[in-house]
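Okay, so here's the structure we're looking at.
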Amino acid sequence: MMFRRHESLTILSTLGLAIVLAAISPPPRAQAEVIERVVGVVNDRAIYLSDLRQRALPFLERLASVPASRREEGRQAIYAQVVEQLINEELIRQAAMKLEIRVTNQEVESAVRNVIEQNNLTPEEFWEAVYEQGFSEAQYRKNLRDQLLHMKVMNQRVRARVNITERDVRREYERRARQANQRLRFRASHIFFPFPAGAGVVEIAEIRDRAIALRRELRDESSFQAALGSEIGGHLGWLNQGDLPRELEEGLATLARGEISEPVLGPAGYHIFLLHERERAGASEIPPYDAVKDEIYRSMLDEAMERQEALFLEELRRDAEVKILLELGPRASK
């Protein structure tokens with residue numbers, strides 16, 4: 322069987338994933354004063370503080386939930402990561418110029434139509450959504466153009482390095498099948514004692530004591546089911562290994578059929594589990610090869626492309642003059 326080139330790497334079919342509205346950073350908010358300066362240089366092209374602030378803004382806003390003592394550390398870490406991203410984008414732009422790769426206006430307009438169709442919107446609804454996020458049509462089209470340029474460069478320089486055969490896909494399918502056969506799955510119910518928002522040590526201790534007290538009253542499945550009538554919880558259905566946080570899964574894994582657990586501490590509260598059944602995932606849980614081979618191929622190709630893209634960017638960086646100039650300490654590399 323011959324696999325076609327990965328559809329999601331072609332220009333139009335990736336736009337629903339690569340260029341969704343929410344994935345593009347919003348424009349900067351008005352600031353009282355902006356002192357422009359250079360924060361990075363790639364060969365003869367400068368990256369400016371305003372570019373860095375614009376791209377970093379949505380990440381910086383999340384620092385509001387971080388303790389004040391750690392916000393400066395977080396800000397510096399965000400700026401350091403974002404300036405690296407801006408440098409990679411400039412490396413791609415310069416590589417495109419050398420390769421004489423361009424994006425035409427027609428390709429941009431075709432991409433716009435494709436995004437509108439994938440979002441099931443009318444053009445009017447789509448552009449209204451763009452405006453609500455603070456973009457003009459020109460800004461949105463520029464972001465699309467940059468994404469298309471990136472994909473064109475990757476298709477020309479990176480895609481040829483990736484070769485995934487049907488034999489590779491078959492091996493991956495067999496690996497997944499072996500892994501599935503080794504996994505356990507559980508059918509269970511639970512009684513849940515949630516922590517209120519902002520619960521302190523005293524409140525958590527009180528909730529734990531309440532869970533312990535109820536557990537002492539539970540003798541068998543019928544008493545467990547009776548307690549569910551006045552408590553939060555219920556039947557969880559079948560759970561595969563990995564569906565629950567590790568500490569909760571460990572609480573289930575030690576139970577015999579029909580056994581009730583002691584209170585188990587989870588991320589959001591205490592749980593008391595009743596295990597109805599436990600079994601290994603059988604062959605019936607593994608879909609046929611023909612039903613999943615395309616999905617496996619796409620997954621393998623995506624992973625391989627990510628690895629090769631990282632290597633390609635390293636090559637571009639080695640051949641470029643790159644300087645990073647931030648207040649957290651100037652450094653340079655060639």
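Residue numbers (the numbering used here): 322 to 655.
Where is the CB? At the ideal position from N, CA and C, for every residue including glycine.
Provide the residue span of the alpha helix (DSSP H) that contains residue i, from first to last.
i	result
A534	522-538
G572	567-574
G395	389-419
S386	Neither: S386 is in no alpha helix (DSSP H) and is coded neither H nor E.
A518	Per DSSP, A518 belongs to no alpha helix (DSSP H) and is neither H nor E.
S544	542-549
Less than 9 Å separating the beta-carbons of residue i and residue j?
i	j	result
F545	L586	no
L378	L634	no
P584	A532	yes
R504	E598	no
I617	Y452	no
A417	L470	yes
R506	L560	yes
L384	R376	no
F516	G590	yes
E552	L535	yes
R497	I607	yes
E382	L370	no
Y610	R492	no
I528	A520	yes
L637	Q415	yes
Span of the beta strand (DSSP E) holding residue i?
i	result
V436	From DSSP, V436 is part of no beta strand (DSSP E) but of the alpha helix (DSSP H) over 426-439.
F633	No beta strand (DSSP E) contains F633, which is instead part of the alpha helix (DSSP H) from 610-639.
R506	505-515
A450	A450 -> not in any beta strand (DSSP E); alpha helix (DSSP H) instead, spanning 444-453.
R578	No beta strand (DSSP E) contains R578, which DSSP labels as neither H nor E.
L557	553-561
R601	590-601
V483	Per DSSP, V483 belongs to no beta strand (DSSP E) and is neither H nor E.
R366	366-369
G361	359-363
I645	643-645
Does the beta-carbon of residue i have 16 or more other beta-carbons within 10 angstroms, so that it is buried, or is it exposed?
i	result
E642	exposed
L407	buried
L478	As written in the sequence, residue 478 is Arg, which differs from the Leu given in the question. With 16 or more Cβ atoms within 10 Å of its Cβ, R478 is classed as buried.
D640	exposed
S390	exposed
A432	buried
Q500	exposed
E571	exposed
Y630	The sequence given here has Glu at residue 630, not Tyr. When all chains shown are included, E630 counts as buried.
R350	Note on R350: pLDDT 45, under 50, position unreliable in the model; the coordinate value appears next. Label assigned to R350: exposed.
I645	buried
Q468	buried
L569	buried
I436	Residue identity differs from the one stated: residue 436 is Val in this sequence, not Ile. Buried is the call here.
Mind reading off the beta-carbon distance from residue i to residue j? Whole number of angstroms is fine, and I expect it under 8 Å.
i	j	result
L647	Y400	6 Å
K473	V424	7 Å
G304	L549	In the structure displayed, the chain extends from 322 to 655; residue 304 sits before or after that span and is not available.
A448	E458	The identity of residue 448 in the sequence shown is Trp, whereas the question assumes Ala. Rounded, the Cβ-Cβ distance is 7 Å, consistent with contact.
I581	L539	5 Å
V429	R480	So it is not a contact: roughly 21 Å between Cβ atoms.
The region 483-492 in contact with the region 611-621 per 3-pair CB rule at 8 Å: Contact holds: three or more Cβ-Cβ distances are below 8 Å.
Touch test, the region 506-524 against the region 545-557, Cβ-Cβ under 8 Å, three pairs minimum: The region 545-557 and the region 506-524 touch, with three or more beta-carbon pairs separated by less than 8 Å.
Cβ contact check for the region 394-408 and the region 359-372: 3 or more pairs under 8 Å: Touching, yes.
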